[in-house]
Amino acid sequence: MMKRVAVLASGRGSNFEALLDAVKAGALEANIALLLCDRREAPALKIAEKWKIPCFVVEGQPKQDPLQEQRMVEVLESHDIRFLVLAGYRRILSSGFIQSFRSPHGYARITNIHPSLLPAFPGLHSYQRAFEYGAKVTGVTVHLVDDGVDQGPICAQESFEISSCQTAEEVEQRGLEIEHRLYPETLNWILQENFDYRVERSRGVCTRRSSG
Ligand code: GRF
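Numbering (the numbering used here), first residue to last: 14 to 225.
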């Protein structure tokens, strides 16, 4: 069964479009049924329009509007969404919200892509920070979302050399190329829940099953 997923994005939406391309090319088995966005001016909304994907915008600060996440849950439920795919979504989800996507196996059915080799450089501007730090290598991480910023069981990571990069933009460009391939690739087995999950030293561990 094709999983009905919602993509959550705040900005440019290049990962969102890469996922749509992958579905179209038959490289990702998913039904991207909704885009949820927290900014009315996000370019990701234009991409949704182009691809005729229904969008829903939830603006405002969740702390000032305790019903905001409730509205998000209602929209997601009314679209029968089974999995959330964060792609450049800059808002922190509350543990209550994450809880509403928790599977009986203990993990939440929410994924994120982060532009560093976590746990290095969590938070914003990670490619730039890796470049400015003088790191020789950085990378991309796909993980399941859990409480805490850029935390949660790691599903896939890919590193790349940045010592020859002259600018942070160059690092980002190389990173995005990897993101656009790695996210659909990894989502294929995550969405099928074709992994084992266990808690080890109070941390969730996600391991892809070798079969299937
Ligand atoms: C990407 O670098 C992603 O890893 C990070 O935010 C950026 C979003 O870019 N979480 P885009 O909106 O998908 O183009």
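Backbone N, C-alpha and C fix where the C-beta goes; we use that ideal spot for every residue, glycine too. Predicted model only: the values in this text are computed from it and were never measured.
Which residue comes first and which comes last in the beta strand (DSSP E) that contains residue i?
i	result
Asn125	Ile123 to His127
Ala133	Note, Ala133: premise wrong, no beta strand (DSSP E); not H, not E.
Phe96	Phe96 to Leu99
Ser172	Ile167 to Glu174
Tyr210	Phe208 to Glu213
Determine the burial state of residue i: buried for a count of at least 16 other Cβ atoms within 10 Å of its Cβ, exposed for fewer.
i	result
Thr180	exposed
Leu121	As written in the sequence, residue 121 is Ala, which differs from the Leu given in the question. Buried, because 16 or more other Cβ atoms sit within 10 Å of the Cβ of Ala121.
Val184	buried
Val212	exposed
Glu30	buried
Cys61	For the record, residue 61 in the displayed sequence is Ala; it is not Cys. Buried, since its Cβ has 16 or more Cβ neighbours within 10 Å.
Ile94	buried
Ser139	buried
Ser215	exposed
Tyr196	buried
Ile105	exposed
Between residue i and chain E, is there a C-beta pair that is closer than 8 Å?
i	result
Lys16	Here chain E cannot be found, since the structure has a single protein chain.
For the alpha helix (DSSP H) containing residue i, list its first residue and its last residue.
i	result
Thr199	Ala181 to Leu204
Leu137	Counting along the chain, Leu137 falls outside any alpha helix (DSSP H), and DSSP gives it neither H nor E.
Phe29	Ser27 to Lys37
Gly109	Ser108 to Gln112
Given a cut-off of 8 Å on the beta-carbon distance, is the pair residue i and residue j in contact?
i	j	result
Arg84	Val71	yes
Gly188	Asp163	no
Ala57	Arg17	no
Asp51	Ser23	yes
His127	Thr154	yes
Leu41	Leu47	no
Gly165	Gly217	yes
Asn201	Arg222	no
Taking residue i and residue j to be in contact with their CB atoms under 8 Å, please state how far apart those CB atoms are, rounded to whole angstroms.
i	j	result
Ser172	Thr151	7 Å
Thr124	Val158	7 Å
Ala43	Leu204	6 Å
Val20	Ala100	5 Å
Phe110	Glu82	4 Å
Ala133	Ile175	Actually they are not in contact, since the Cβ atoms of Ala133 and Ile175 sit about 12 Å apart, beyond 8 Å.
Hey, which unbroken runs of the beta strand (DSSP E) at 3 residues or more fall wholly within the stretch 52-91? Listed in chain order, the complete beta strand (DSSP E) runs (minimum 3 residues) inside the stretch 52-91 are 68-70.
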